[in-house]
Each structure stands twice: as structure tokens, then as C-alpha cells.
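Following: one structure in C-alpha cells, then a few remarks.
Protein chains: 2
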Amino acid sequence: MTEATWATGASFTGALNEAAKLTDAAIDRLLVVPGGFEARVVEAMRYAALAPGKRLRPFLVLASAQLFSVGRRSALQAAVAVELVHAYSLVHDDLPAMDDSDLRRGRPTVHKAFDEATAILAGDGLLTLAFEVLSHADTHGDPAVRCELVASLAQAAGAAGMVGGQMFDLIAEEHPELDIGAITRLQRLKTGALIAFSCEAGAVLGKAPADLRMALRGYAHDLGLAFQIADDLLDVHGSAGETGKPVGRDAAAGKATFVSILGADRAQSQAALLVRQAVAHLDLFKERADLLRDAAHFVVDRRT
Amino acid sequence: MTEATWATGASFTGALNEAAKLTDAAIDRLLVVPGGFEARVVEAMRYAALAPGKRLRPFLVLASAQLFSVGRRSALQAAVAVELVHAYSLVHDDLPAMDDSDLRRGRPTVHKAFDEATAILAGDGLLTLAFEVLSHADTHGDPAVRCELVASLAQAAGAAGMVGGQMFDLIAEEHPELDIGAITRLQRLKTGALIAFSCEAGAVLGKAPADLRMALRGYAHDLGLAFQIADDLLDVHGSAGETGKPVGRDAAAGKATFVSILGADRAQSQAALLVRQAVAHLDLFKERADLLRDAAHFVVDRRT
Numbered sequence: 143m144t145e146a147t148w149a150t151g152a153s154f155t156g157a158l159n160e161a162a163k164l165t166d167a168a169i170d171r172l173l174v175v176p177g178g179f180e181a182r183v184v185e186a187m188r189y190a191a192l193a194p195g196k197r198l199r200p201f202l203v204l205a206s207a208q209l210f211s212v213g214r215r216s217a218l219q220a221a222v223a224v225e226l227v228h229a230y231s232l233v234h235d236d237l238p239a240m241d242d243s244d245l246r247r248g249r250p251t252v253h254k255a256f257d258e259a260t261a262i263l264a265g266d267g268l269l270t271l272a273f274e275v276l277s278h279a280d281t282h283g284d285p286a287v288r289c290e291l292v293a294s295l296a297q298a299a300g301a302a303g304m305v306g307g308q309m310f311d312l313i314a315e316e317h318p319e320l321d322i323g324a325i326t327r328l329q330r331l332k333t334g335a336l337i338a339f340s341c342e343a344g345a346v347l348g349k350a351p352a353d354l355r356m357a358l359r360g361y362a363h364d365l366g367l368a369f370q371i372a373d374d375l376l377d378v379h380g381s382a383g384e385t386g387k388p389v390g391r392d393a394a395a396g397k398a399t400f401v402s403i404l405g406a407d408r409a410q411s412q413a414a415l416l417v418r419q420a421v422a423h424l425d426l427f428k429e430r431a432d433l434l435r436d437a438a439h440f441v442v443d444r445r446t
Numbered sequence: 143m144t145e146a147t148w149a150t151g152a153s154f155t156g157a158l159n160e161a162a163k164l165t166d167a168a169i170d171r172l173l174v175v176p177g178g179f180e181a182r183v184v185e186a187m188r189y190a191a192l193a194p195g196k197r198l199r200p201f202l203v204l205a206s207a208q209l210f211s212v213g214r215r216s217a218l219q220a221a222v223a224v225e226l227v228h229a230y231s232l233v234h235d236d237l238p239a240m241d242d243s244d245l246r247r248g249r250p251t252v253h254k255a256f257d258e259a260t261a262i263l264a265g266d267g268l269l270t271l272a273f274e275v276l277s278h279a280d281t282h283g284d285p286a287v288r289c290e291l292v293a294s295l296a297q298a299a300g301a302a303g304m305v306g307g308q309m310f311d312l313i314a315e316e317h318p319e320l321d322i323g324a325i326t327r328l329q330r331l332k333t334g335a336l337i338a339f340s341c342e343a344g345a346v347l348g349k350a351p352a353d354l355r356m357a358l359r360g361y362a363h364d365l366g367l368a369f370q371i372a373d374d375l376l377d378v379h380g381s382a383g384e385t386g387k388p389v390g391r392d393a394a395a396g397k398a399t400f401v402s403i404l405g406a407d408r409a410q411s412q413a414a415l416l417v418r419q420a421v422a423h424l425d426l427f428k429e430r431a432d433l434l435r436d437a438a439h440f441v442v443d444r445r446t
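Keeping their order, the protein sequence lines are chains A and B. Sequential numbering of the first sequence, starting at 143, is according to this note's numbering. Sequential numbering of the second sequence, starting at 143, is according to this note's numbering.
Right, here's the structure in full:
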């Protein structure tokens, strides 16, 4: 495993790709298919966690960890944990009883490639594994830091975070009258909490002072919302070929989104404003945070 | 919260009931229903985790912790965590794509009382919360102990434990030719691993020496198998009224079970043998382990 970190002035695209490669290699080493009938669930876990993807959250962990000179080995453990949680959430979100999606990242979803029971279990297995990874001594020499990461990830992923946001989202489908405040809160829970964990994990690993940690939290908050607005815009303007998943589903479901409430133009300028705000939170870090600045621009300019 | 522990000679039934009350009170305090649409998932989590039940696993945690003079507050945290994982596994196991069960502990299952999407999310939320509970400072003053519990629970619950066993179990339905060795391994994964965690958690919290920990592991292993054989016998001889869930499902599904392979009489004597073995592992603890001895007899004599 490389211990090298990204030089000042490193290309964002190069760093994002490297983060994806490092994360996938670590997940590949972690998810060894056992003998016995239980092999099937691990195959499904691999299918989900190693699916093509940007690995934006692992990148955010590695880039934020580098601000505090955290070793790559430690940072990669947290990066893997957050990607496992993200992967699990997609597997369960795609299930027939949830979003009922057959296509994800251009491939059949897990319940289509395997079956529904295997998809439920694979999601459960990925979520469980994330906590095993964080609790491992490789994550940090100080067990208090590992416990803090376990607690933070559980809060970000649980009923007061992502799971709560998914519940909110399902109920929101029956409430097209929801206003911008409600949709903002929904997205903060559903996607924002895990993105915030990704940005803060580096600060936790580096035992960063409170002001720097708050700066990353502010960055993550604005980034998460900008990311979601961009997602809503892609659902309206993107193509299934580009995004690798069905588009136009929000409008078809009559769901309130940033775009349905604000209109595409105002949504676009709101996303741009959030990116400027996100970047402003990084001033304290000077040029060492350039990769995170680039990431903020990337999330609203992406096509997938 | 009481800090009192059970006196030597305490009644097993009384201790089991007290463990259930303490656990339910702690879960009740933990699962506060929030405002907002996400309230629904927390209501479902409460419905699942506070459903009527024996709370055998929390009892095993408290009784094993008492062997090492672990404080009730610490032990109760681990007891709650294991019960949350047990509750989540039942919610997902009952889903239409899994066992498709409408009745659990005499009440509608979560996907019947709520809906399927809420049941999936409630299970996810319970599993996530278990790790948050273990990582909390209330569980133990030493974060290394908390990390060890997180790692152990993740291993017991994940693809190399319970989730793997559930996968194995689903595939086993298509393989009625499985022999006693395969069924033993299946049950060790599916129910044995979490029972073993329950018995070992007290030793971890008490930083017990290896020989005592191994003794508890041996006890848990035999107890878990005896428990499962008793479950199979109840599926054949029990009534839905007594067990609170449909019976005769294994035979109807053509599943290989301890009873289908050994016959009811040999299964019964095998369970009795395992109880004697389980109890023998406790010799080191003398009369201080009487409650655990009683628990072993209870699991094979129970009617529910």
C-alpha cells in the first residue's frame, strides 16, 4: 500500500482516480469469498461495493486526512468504512419495496443480479463490516479515536442521519407540498450526514482542533447540498446512458425536489452559491485544501 | 438504574425477568421518537425492539458480566446492543423476500404493522444503533474494551456470522440432503455466533483471563446448539398459540433440520447431552455460575 500523499497542486481528477483505486484494492482484500453456502452473500457484497463509481466519499476522507498529516493506512480504513456504508445504502435503496430500481451505475442492481433476499443480507453485511473496519487497530493506534469514528459513523448512518433521511424521503413522495426548508433538511439527513462524516473523519483521525473541524463541517454541509441539487438537475437533464441509472423518476413520482421547487435556473445558481460558500470555509487551510476546493466544483459540474 | 446484582441462589426466572425489564427500560430511554417524518422509522424500531420476548441474550450478557464483577451500567450497554442486533435480524428475516412471516412473538411482524420499506429501514437503524451504543463511554471506561466489543459484535453479526448463517439457511432450503455436520455449522453461524457474543461480552468487559473466556465460549457453543435443536422441536411439537409464530414451517419447506435428520427422540437426547456439556464448562466458576447453569436447562425445557 502506498504511503505517499498528494502533492500541493496535484490534479483533482488524478487524485480522485487514485482514491478510487486505493479504496477498491482495500475492499477487494477485505472481502474474501469464503467456502460454504454463505459465499453467495459475500459475492453480492463484492458486486455492490466494487461496482463502478466515483468513490467521492473515500476521496473526501483521504483529502481531509491529508490536511492533518494522517497516514494513508489509517485514512484508507475510514475511507473503506464510509464506502461500505454508501454501498449498503444503495443496495437497500434500490430494493423493490424502496426505490424499486433495476439499474445502478450502468449495471443490474444487486437484487436483479442476485435476488432480493441476498440483496437484503448483502446490505446488512456491508453495514456491519464498516464498523468492524473502523474498530480495527489499523484505523488508529488510539482506541479512543476508533471509538469516536464508530460513534460518528453510526450517528451519520442511523435514524438521526441517513436512515432517517431515507424514511423522510419515502414519506415526502406523498407530500408534494413540501417547501425548500423541508427538502433541505431531508437531504441533510439522507446524503449530507455521510458526506459530513467523510469530511470530518480526517479531522478525527488527526485529532484536529475544534476550529479546523468546524471549518470542515461547514464545508461538508454546503458541499452535501450542492451535491444533491446537482443530482436533482441530473435527474431532469441527464440521460440514463450518462448517469447509469434511470432519469426523470422524481418528476414522474411527483416528488418535491430542489428543481421542482426552485426551477432549474435558480437551482443551478443556488448550487453555484453553495460551492462558493463551501470553498470559503477552507480558507484556514490555505493552498493545502486545493483538492477539496476542486472537489466542490466537481460535484456541481459532473455529468454522472 | 439499579447497580444491584443477583445474589448466589437467586431464582433464574426472577433474574431473566429482571434482565428483560432492565433491557426494555434502557431501549425505551434510547429510542426517543423525533419530530419530523423520520419519526416513523423510530416508531418501527421501538415496535421491533420492545416487542414481547424472553430477552435471553441480554440475560446472558448480564449473567456473564456478573462473573467478573462488571458494573450493571456497563453490562446493560452490551445487553442492549446485542438485543438491538437480535431484533434487527428478526425484522429482516421476516420480510417477504426472506422467511415471509406475518406473525412474530404473537403480533404482526414489522412489515405488516408498518410496511416493507419501513421494516427494511428499521432493521438498518437498529443494527447501526447497536454499534453506537457499544462505542459510548457508558459501555466501559477503557476505549480499547469498547473497540473489542464493536469488533466482536460485528464479526458475530456479519457475513462470517449471523448474516452468513442466514444466507446459508436460505440456500439450505434447496438442499434437503444436507447432513448433521452442515446443519450444525449453519446454526453455529445463524444463531450460535450472537449467543457466543452474549456470553463472552461479560468476559471482555471484565478483562477476564483467557481460560475463563474460553470456558464461556465452550458453554455458549453448546448452549447455542441446544437452543436451536429445541427450536426445531418446537417447530414440530409446539403450537402457534404457545410459540407466537407459525409452526410446522420447516417440514412444509422440506428443510433439513436437527429433527428431520435425527428424528425427534434422538434430537431430544442430543439437546440434553449438549446441556450437560454446556454446564460442565462452567465448573471453573463454581456456584457463581448457577444462573448460567439454569439458563442452559431453560433453553431446552422452554415452550416458546
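Quick reminder that beta carbons are idealized off the backbone N, C-alpha and C, glycines included.
Query, Result
"Could you name the residues of chain A that Q308 of chain B contacts, counting a contact when the two beta carbons are closer than 7 Å?", "L263"
"Alpha carbon to alpha carbon, how far is A422 of chain A from A272 of chain B?", "37 Å"
"Looking at the C-beta of T333 of chain B, does it have a partner C-beta in chain A at a distance below 7 Å?", "no"
"So, is E290 of chain A buried or exposed, given that buried needs 16 or more other C-beta atoms within 10 angstroms?", "buried"
"So if I threshold CB-CB distances at 8 Å, which residues from the segment 182-194 of chain A count as touching chain E?", "No chain E is part of this structure, whose protein chains are labelled A and B."
"Using a cut-off of 7 Å between C-beta atoms, extract the partners of F273 of chain A located in chain B.", "F273, V292, A296"
"Could you work out which residues of chain B lie near D266 of chain A, taking near to mean beta carbons separated by less than 7 Å?", "H234, L269, V305"
"Going by CA-CA distance only, name the one from A:S340, A:L269, A:A350, A:V378 that's closest to L365 of chain A.", "A:S340"
"Using the three-state DSSP reduction, which class does R249 of chain B fall into: helix, strand or coil?", "strand"
"With a cut-off of 7 Å, does the C-beta of L312 of chain B fall near any C-beta of chain A?", "yes"
"Taking 7 Å as the threshold (beta carbon to beta carbon), is S277 of chain A in contact with chain B?", "yes"
"Express the C-alpha separation of E225 of chain A and R247 of chain A in angstroms, rounding to a whole number.", "15 Å"
"What did DSSP end up calling E315 of chain B once you bin it into helix, strand or coil?", "coil"
"How is D321 of chain B classed by DSSP in three states: helix, strand or coil?", "coil"
"Which residues in chain A sit within 9 Å of R246 of chain B, going by Cβ to Cβ distance?", "What R246 of chain B touches in chain A: nothing, since even the nearest Cβ is about 16 Å away."
"Just to confirm, are G348 of chain B and F210 of chain B a CB contact at a threshold of 7 Å?", "yes"
"Buried or exposed for D98 of chain A, please, with buried defined as at least 16 other CB atoms from any protein chain shown within 10 angstroms of its CB.", "Residue 98 of chain A is absent from the structure shown; chain A starts at 143 and stops at 446."
"Near F427 of chain A, what residues of its chain come up, given a Cβ to Cβ distance below 6 Å and the 5 sequence neighbours on each side ignored?", "L209"
"Based on Cα-Cα distance, which residue from A:G334, A:A286, A:H228, A:H439 lies nearest to G195 of chain A?", "A:H228"
"Would you give the residue range spanned by the alpha helix (DSSP H) that H423 of chain B belongs to?", "H423 of chain B -> no alpha helix (DSSP H), and no H or E assigned at all."
"Comparing alpha-carbon positions, which option in B:E185, B:Q219, B:Y189, B:T150 lies nearest V346 of chain B?", "B:Q219"
"Assign G188 of chain B to one of two classes, buried (16 or more other C-beta atoms within 10 Å of its C-beta) or exposed (fewer than that).", "A quick correction: the sequence has Arg, not Gly, at residue 188 of chain B. Burial call: buried."
"In whole angstroms, what separates the C-alpha of T399 of chain A from that of F369 of chain B?", "50 Å"
"Taking only the alpha-carbon atoms, compute the straight-line gap between M143 of chain B and A301 of chain A and give it to the nearest angstrom.", "Since pLDDT at M143 of chain B reaches only 38, below the 50 mark, its modelled position is unreliable, and the value read off the structure follows with that caveat. Going by the C-alpha atoms only, they are around 25 Å apart."
"Please work out which residues of its chain come closer than 8 Å, Cβ to Cβ, to I325 of chain B, disregarding the five sequence neighbours upstream and downstream, and give them in chain order.", "A314, A398, T399, F400, I403"
"What number of angstroms, rounded off, separates the C-alpha of G156 of chain A from the C-alpha of A394 of chain B?", "57 Å"
"Under 6 Å Cβ to Cβ from L336 of chain A, same chain only, skipping five residues before and after it: list those, please.", "A298, M304"
"Just reading off the alpha helix (DSSP H) that S153 of chain A is part of, what are its end residues?", "It is not in any alpha helix (DSSP H) - S153 of chain A carries neither H nor E in the DSSP assignment."
"Between A221 of chain B and chain A, is there a C-beta pair that is closer than 7 Å?", "no"
"Just reading off the alpha helix (DSSP H) that G267 of chain B is part of, what are its end residues?", "258-277"
"For the alpha helix (DSSP H) containing R445 of chain A, name the first residue and the last one.", "No alpha helix (DSSP H) contains R445 of chain A, which DSSP labels as neither H nor E."
"Which residues bound the alpha helix (DSSP H) around P285 of chain A?", "285-299"
"For P200 of chain A, which option in A:T165, A:A191, A:D436 has the closest C-alpha, if you only look at C-alpha atoms?", "A:T165"
"With a CB to CB cut of under 7 Å and the five nearest residues on each side skipped, what residues in its chain are close to G306 of chain B?", "L331"
"Inspect the beta-carbon positions of A221 of chain B and L204 of chain B and report whether they are closer than 7 Å.", "yes"
"Using 7 Å as the threshold, is the C-beta distance between V175 of chain A and A264 of chain A below it?", "no"
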